[in-house]
Amino acid sequence: MEEWEGLRTGFIKRVFTRTTIQSRLFLLFSISMTGILLIVSVLFYNRMTADFRSKITDLSQKNSSQTVALFNLLLEGYDSLSKSISNNSDVVRMLTEKSESPAVDYIIERSITNVIGAIYYSREDIRGIHVFSFDGKVYNYGDVMSVTDPNYAKTSWFRDIEFSNGKMVWLGSYPKSIVDETLMHPVFSFGRLIYDLDRHKPIGVVLIETRAEMVEDALQNVKLGPSSEAFIISFSGDLVPSIEPPVLPEGMNPKVLAIMDEGTRYEGDQLVVTSRVPFAGWTVISLNPLKELNIELVRTERYLVIVFVVLIGLSILIASLVSRSISSPLKRVVREMKQVETGNFNRVLDLTSYQEIDQLAESFNKMVARIAELIERVKISSVSEKNAELQALQSQVNPHFLYNTLDMIYWLLDEKGHDELGGVLLSLSQMFRYSSHWEEEVTLGEEVEQIRHYLNIIEMRLKGRVSVVIDIDKQWKSVRMPKMTLQPVIENAVKHGLEPSGRSGKLRVYAEQFGYDLRVIVEDDGVGISDERLATLRVSLEEATGPGDADRNGENGNEIEAVRSIPHKSGSSSGGIGIINLQRRLIYMFGRGYGVEIGHAQPQGTAVRITLPLPRLEENELNDG
């Protein structure tokens, strides 16, 4: 059992996890629509079956009511017919009259025969009327000359009438007369006792035989099919004889049927209809095979099966079309992805499908374009990096030789007492050593030490015209930053701010905390920067952050376009190249949100602000500070 359960679970997993989306959608649509059709068909079939059975029940009850009414009417007439003889005073008188004269006997016989003959001709359905006295005399009237059965007094029907206490005895239908040996036609027989009311004792029996067709036709009316069986059960639970004796199913007891309630019920493969004839105390039973009653239902079932199969076919076709309409665009997306997987990024997916799939295609096109752009950037960056490495290798001509040479010159100058020149040479040696290191990332303390050497050389060159103030707290000395961050800024401040002023100037370098960032500011009080030049540099710095920033800062987009249209003087941009490169390096190392900002210093001059991230581990310490 466990192995079978495992196999079933594995099969379900394979079906629902290793199939294409088209197959899965097709399967789900097919199962769903088939299930809906099956449910609707079952409900329709059940409803149709219930309606059909209800109609059959109504029809059977209607037939039963008509049959009962017909039997009551017919039997009431027969009862009146028998009473017209048994209660006839002349017949009773003549049956009780004793005579030993043949002439008198003949007169009595003719009188009784005339009475029953008159009654015989009053109805067309009478086959014969027979009067039997208990002293052995028989009086007949019928279609032909009657030959009475000499042993009639010993028959069961005679005894039934004899012991009936004057009640009507319905004997049933027979293929021929039960008393007249010459009457070979089907008859319906019934009879009763003839009483001498004066002495209160029976004096004879009257037996009437009518045409059996009237009763048999009424009995046929309760049959619903050619193979149906109809029969009558008497009050005592015995079958009332009929022309064609019924064939009862095995195990069916007439006495049990006689006490069942009126109505219709289903027993096995038959519809049983029970009705009562109160006048005679009869129970009329009709057994109707369902296979005959369900002929129309079977035809409807076949039609329903055909319609169901056709609808299933249409459902499968619709499921196939719907699943294909959904999966085809997705398959195109997959094919394009495989093309991109091979390195072909020049793909544009043009789809007109469902809104969600169109959005997927649009996002796919944007993603491919972005990947192609990034790959192109990486290629350019890789080429630039290789060129830079090549230039660096070409420029590094035995650095140890240059260090040793500069040290040798420094010691020669020191021996000859040229301390000032020796200090400049020592600063130059330290700058060369610092710039030749391969490390890309240094601390703020190392950068400050580097610019001190650079400023020593500048102060020597400008002969004291520059006053330098470096105000960097020790707690910021460990902040990481790209190498050669401060030198290009200070170089621009000296070259484009202080030197053109023609007077003594001041250069200040300091740092301040701003939230979780550190701002390093370089200010000079030189000639400053024009608004036009400042706008140009800001646009260049904005563009250096990479694509997307201008869109993100949409409010500045028009300003940037306006500045681009300003004509620049030849050579005016040379001073901003180092700043722009520094901007790119900072963004590359720390991301957008960090970098260089340029503005006016107060009361005059230029201020350059470099924003660096502070280490997150020092957050509590920085807040306490």
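To convert, count from 1 in the sequence shown and add 58; that's this note's numbering.
Note that the Cβ used here is the ideal one computed from N, Cα and C, for glycine as well.
Bear in mind that the values here come from a model prediction, so they are computed numbers and not experimental data.
Buried versus exposed call for residue i [16 or more other C-beta atoms within 10 Å across all chains shown]
i, result
"Leu-255", "exposed"
"Asn-346", "buried"
"Gln-641", "buried"
"Ile-114", "buried"
"Pro-299", "buried"
"Tyr-574", "exposed"
"Ser-144", "buried"
"Leu-379", "exposed"
"Val-368", "exposed"
"Glu-505", "buried"
"Asn-402", "exposed"
"Gln-417", "exposed"
"Gly-651", "exposed"
"Asn-616", "Here the model assigns Asn-616 a pLDDT of 42, short of 50, so the residue's position is not dependable and the matter cannot be decided."
"Val-666", "buried"
"His-511", "buried"
"Val-335", "buried"
"Asn-223", "exposed"
"Gly-563", "buried"
"Asp-327", "exposed"
"Gly-612", "Interpretation of Gly-612 is limited by its pLDDT of 38, a score under 50 that renders its predicted location unreliable; no figure is taken from the coordinates."
"Tyr-179", "exposed"
When the options are compared against residue i, the one with the closest alpha-carbon
i, options, result
"Ile-317", "Glu-302, Ile-343 and Gln-328", "Ile-343"
"Val-245", "Leu-565, Lys-234 and Val-356", "Lys-234"
"Thr-664", "Leu-592, Arg-642, Glu-590 and Gly-586", "Gly-586"
"Gln-503", "Leu-544, Glu-182, Leu-471 and Ile-364", "Rather than Gln, the amino acid found at residue 503 in this sequence is Gly. The residue with the shortest Cα to Cα distance from Gly-503 is Leu-544."
"Trp-85", "Ser-373, Ser-138, Val-98 and Val-202", "The sequence shown places Leu at residue 85, not Trp. With distances taken between Cα atoms, Leu-85 lies closest to Ser-373."
"Ile-291", "Ala-338, Ile-301 and Lys-281", "Ala-338"
"Met-106", "Val-356, Ser-157, Glu-182 and Lys-212", "Val-356"
"Val-365", "Thr-206, Thr-78, Phe-102 and Glu-182", "Phe-102"
"Leu-139", "Ala-161, Arg-510 and Gly-175", "Gly-175"
"Ser-118", "Asn-279, Arg-269 and Ser-222", "Asn-279"
"Leu-297", "Leu-282, Gly-283 and Leu-315", "Leu-315"
"Glu-601", "Val-578, Val-567, Leu-592 and Ile-638", "Ile-638"
"Ala-569", "Val-578, Glu-308, Arg-561 and Ser-562", "Val-578"
"Tyr-492", "Ile-79, Gln-508 and Pro-160", "Gln-508"
"Asn-130", "Ala-659, Asn-209, Ala-276 and Thr-92", "Ala-276"
"Glu-549", "Lys-521, Glu-517, Trp-534 and Arg-538", "Glu-517"
"Tyr-646", "Glu-499, Ala-593 and Gln-571", "Glu-499"
"Glu-359", "Ser-99, Pro-307 and Gly-295", "Ser-99"
"Gln-80", "Val-173, Lys-259 and Ser-385", "Ser-385"
"Asn-423", "Val-391, Lys-444 and Ser-180", "Val-391"
"Asp-583", "Val-597, Phe-572, Ile-433 and Gly-560", "Gly-560"
"Ser-285", "Glu-325, Glu-350, Asp-238 and Glu-320", "Glu-350"
Rounded C-alpha distance that separates residue i from residue j
i, j, result
"Arg-674", "Ser-536", "13 Å"
"Leu-464", "Glu-655", "37 Å"
"Met-226", "Ile-219", "8 Å"
"Trp-215", "Ile-353", "43 Å"
"Ser-123", "Met-152", "43 Å"
"Leu-479", "Lys-553", "22 Å"
"Lys-23", "Gln-413", "A question about residue 23 goes unanswered here, because the residues of the chain that appear run from 59 up to 683."
"Val-126", "Lys-212", "33 Å"
"Pro-540", "Leu-595", "21 Å"
"Arg-24", "Asp-193", "Not covered by the structure: residue 24. The range shown for the chain is 59 to 683."
"Thr-206", "Phe-110", "53 Å"
"Ser-588", "Gly-555", "11 Å"
"Ala-620", "Arg-435", "Below a pLDDT of 50, predicted positions are generally treated as unreliable, and Ala-620, at 38, falls in that range; no measurement from the model is reported."
"Met-425", "Leu-407", "11 Å"
"Thr-410", "Ala-427", "20 Å"
"Val-482", "Glu-473", "15 Å"
"Ser-147", "Ile-187", "17 Å"
"Pro-160", "Thr-154", "16 Å"
"Ser-381", "Gly-93", "18 Å"
"Ile-370", "Phe-87", "11 Å"
Test: residue i CB closer than 9 Å to a CB of chain C
i, result
"Lys-234", "No chain C appears in the structure shown, which is made up of a single protein chain."
Beta-ladder partner(s) of residue i, from DSSP
i, result
"Lys-564", "Ser-525"
"Leu-297", "Ile-291"
"Tyr-232", "Val-245"
"Tyr-253", "Pro-260"
"Leu-282", "For Leu-282, which the question treats as bridged, DSSP gives no partner whatsoever."
"Trp-340", "Val-335"
"Thr-463", "DSSP, once it has assigned bridges, lists no residue as partnering Thr-463."
"Asn-198", "His-188"
### Task
Any chance you could list the beta strand (DSSP E) runs of at least 3 consecutive residues sitting entirely within the segment 73-158, in chain order?
none
#### Entry: Secondary structure, alpha helix (DSSP H): runs of 4+ residues fully inside the segment 541-597
544-551
### Task
Pick out the complete alpha helix (DSSP H) segments inside the segment 332-408, 4 residues or longer, and give them in chain order.
348-351 and 353-399
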